[in-house]
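Residue numbers (UniProt numbering), protein chains in the order written: chain A, 1 to 199; chain B, 1 to 199.
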């Protein structure tokens with residue numbers, strides 16, 4: 001039985017999971033969730049993911065929450081050492097960028113898009129300054145590196161790319177970050193790549 | 001040569017690293033950083049950690065940022081499979097809680113403490129409601145589980161415990177979360193445990 005993704009098409013976090021599945025050639029059973037109706041906050045979904053968020057993932061009787069953790073699972077199960085190595089240095093370097101996706105990118109371009117595109121009430125000045133901060137750091141890093149964590153593509157790139165590539169929906173021009181924009185293009189050129197609305 | 005921790009004693013994120021080192025019996029070369037003087041945002045430290053934050057960690061020529069990523073490194077290098085397993089399910093379940101440390105706990109009890117104890121300007125109402133949300137989720141979870149991620153202690157517990165145990169410095173009474181408080185006591189009872197001011 002294929003792994004199941006409880007999905008919202010416009011969510012960059014759900015898209016990460018769809019993207020890695022496509023790159024790994026792993027079939028997913030994609031279950032669209034009535035997000036506006038709050039289905040993710042009610043049974044049966046909230047019994048799979050107590051945090052009441054999307055994506056939620058199910059495989060082989062295991063329920064998983066958090067897009068970064070789901071990428072870790074998929075990479076270990078279907079990607080060998082390539083997408084996520086298990087040596088101390090490699091795993092830690094990838095993890096450090098998974099944390100950027102969970103923290104700085106979430107509180108930057110993701111929050112700015114939630115405000116601008118979906119009308120969320122949040123501190124938009126803080127989100128914009130967080131966005132400039134993290135994109136500036138990524139620009140400096142990617143001016144000297146092809147991929148974020150290692151000398152090859154890893155789930156660090158898959159975790160960080162979506163909300164960066166969607167940052168124009170939160171008021172950012174990619175032209176201001178040419179090394180970041182070139183990196184997004186490298187991800188888009190990977191064999192098996194799939195997009196989402198806005199990417 | 002011992003691994004080096006660029007440290008701030010009152011930081012719960014730095015404390016995580018000191019705590020895991022103590023539990024693993026690994027010596028650390030602890031380098032106190034002049035945080036108020038902004039030494040972490042200037043060379044030479046900013047050359048090791050472009051994000052200009054603490055902790056920063058160095059071992060064997062590798063510089064690492066982010067407390068969760070540093071725990072991953074230490075667990076893989078010195079902890080075998082016990083503190084961080086590498087099978088798909090185990091690694092993903094631990095990672096999901098590392099993400100709670102990086103996101104919900106950081107934006108909850110950590111932010112509330114930054115405001116109340118250190119005078120940071122931030123949305124304290126948001127921080128307090130985030131705190132109640134994540135501690136409520138943890139209370140429900142720990143009412144049925146001994147440890148956060150697996151049936152044994154892992155770095156998930158080490159990553160999540162400090163700012164939860166410090167939440168009284170951000171206006172929370174541990175009495176409101178008895179299962180969480182009992183879990184904190186279990187961490188404190190681990191052989192080799194060390195505390196920090198406030199814990």
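The C-beta atom is built at its ideal place from N, Cα and C for all residues, glycine as well.
8 angstroms Cβ cutoff, residue i in contact with chain A
{"i": "residue 17 (chain B)", "result": "no"}
{"i": "residue 70 (chain B)", "result": "yes"}
{"i": "residue 146 (chain B)", "result": "no"}
{"i": "residue 141 (chain B)", "result": "yes"}
{"i": "residue 132 (chain B)", "result": "no"}
{"i": "residue 76 (chain B)", "result": "yes"}
{"i": "residue 193 (chain B)", "result": "no"}
{"i": "residue 39 (chain B)", "result": "no"}
{"i": "residue 151 (chain B)", "result": "no"}
{"i": "residue 123 (chain B)", "result": "yes"}
{"i": "residue 73 (chain B)", "result": "yes"}
{"i": "residue 10 (chain B)", "result": "no"}
{"i": "residue 20 (chain B)", "result": "no"}
{"i": "residue 50 (chain B)", "result": "yes"}
{"i": "residue 24 (chain B)", "result": "no"}
Closer than 8 angstroms to chain B by CB, residue i
{"i": "residue 128 (chain A)", "result": "no"}
{"i": "residue 137 (chain A)", "result": "yes"}
{"i": "residue 118 (chain A)", "result": "no"}
{"i": "residue 102 (chain A)", "result": "yes"}
{"i": "residue 91 (chain A)", "result": "yes"}
{"i": "residue 47 (chain A)", "result": "no"}
{"i": "residue 161 (chain A)", "result": "no"}
{"i": "residue 66 (chain A)", "result": "yes"}
{"i": "residue 87 (chain A)", "result": "yes"}
{"i": "residue 95 (chain A)", "result": "yes"}
{"i": "residue 99 (chain A)", "result": "yes"}
{"i": "residue 62 (chain A)", "result": "yes"}
{"i": "residue 106 (chain A)", "result": "yes"}
Bridge partners - residue i, DSSP secondary structure assignment
{"i": "residue 131 (chain A)", "result": "In the DSSP output, where bridge partners are listed per residue, residue 131 (chain A) has none listed."}
{"i": "residue 58 (chain B)", "result": "B:4, B:63"}
{"i": "residue 28 (chain B)", "result": "B:3"}
Nearest residue (CA-CA) to residue i, options the options
{"i": "residue 78 (chain A)", "options": "A:113, A:99, A:3", "result": "A:3"}
{"i": "residue 6 (chain B)", "options": "B:31, B:15, B:19, B:25", "result": "B:31"}
{"i": "residue 193 (chain B)", "options": "B:100, B:12, B:23", "result": "B:23"}
{"i": "residue 151 (chain A)", "options": "A:176, A:85, A:103, A:98", "result": "A:85"}
{"i": "residue 154 (chain A)", "options": "A:97, A:171, A:113", "result": "A:97"}
{"i": "residue 53 (chain A)", "options": "B:149, B:100, B:180", "result": "B:100"}
{"i": "residue 80 (chain B)", "options": "A:81, A:82, A:88", "result": "A:88"}
{"i": "residue 136 (chain A)", "options": "A:111, A:103, A:178, A:114", "result": "A:178"}
{"i": "residue 165 (chain A)", "options": "A:28, A:191, A:110", "result": "A:110"}
{"i": "residue 66 (chain A)", "options": "B:57, B:102, B:61", "result": "B:102"}
{"i": "residue 41 (chain A)", "options": "A:10, A:55, A:16", "result": "A:55"}
{"i": "residue 36 (chain B)", "options": "B:171, B:10, B:181", "result": "B:10"}
{"i": "residue 1 (chain A)", "options": "A:43, A:60, A:14", "result": "A:60"}
{"i": "residue 82 (chain B)", "options": "B:39, B:181, B:58, B:149", "result": "B:149"}
{"i": "residue 14 (chain A)", "options": "A:39, A:57, A:44", "result": "A:57"}
{"i": "residue 28 (chain B)", "options": "B:125, B:16, B:199", "result": "B:16"}
{"i": "residue 167 (chain B)", "options": "B:39, B:114, B:63, B:43", "result": "B:114"}
Anticipated Cβ contact below 8 angstroms, residue i with residue j, distance rounded
{"i": "residue 162 (chain B)", "j": "residue 12 (chain B)", "result": "4 angstroms"}
{"i": "residue 26 (chain A)", "j": "residue 8 (chain A)", "result": "Not a contact, Cβ separation roughly 20 angstroms."}
{"i": "residue 146 (chain B)", "j": "residue 107 (chain B)", "result": "Contact flag wrong, Cβ pair sits at about 26 angstroms."}
{"i": "residue 134 (chain A)", "j": "residue 104 (chain A)", "result": "4 angstroms"}
{"i": "residue 112 (chain A)", "j": "residue 171 (chain A)", "result": "6 angstroms"}
{"i": "residue 181 (chain A)", "j": "residue 189 (chain A)", "result": "The Cβ separation is near 13 angstroms, so there is no contact."}
Contact test: residue i Cβ vs the ligand MG heavy atom, cutoff 7 angstroms
{"i": "residue 185 (chain A)", "result": "Ligands are entirely absent from the displayed structure, and the ligand MG is therefore not among its contents."}
Item checked: At least three beta-carbon pairs within less than 8 angstroms, the stretch 65–77 of chain A to the stretch 86–93 of chain B -> Contact between the stretch 65–77 of chain A and the stretch 86–93 of chain B is present, because at least three Cβ pairs lie under 8 angstroms.
Checklist line | At least three beta-carbon pairs within less than 8 angstroms, the stretch 124–134 of chain B to the stretch 39–58 of chain B | finding: No: the two stretches stay apart, fewer than three of their Cβ pairs being nearer than 8 angstroms.
Next item on the list: Could you tell me whether the stretch 141–148 of chain A touches the stretch 113–122 of chain A, using the rule of 3 or more Cβ pairs below 8 angstroms?
Entry: Judged by Cβ distances under 8 angstroms, the stretch 141–148 of chain A makes no contact with the stretch 113–122 of chain A, as fewer than three pairs qualify.
Item checked: Contact between the stretch 10–28 of chain B and the stretch 157–167 of chain B (3+ Cβ pairs under 8 angstroms) -> Output reads yes: the stretch 157–167 of chain B touches the stretch 10–28 of chain B.
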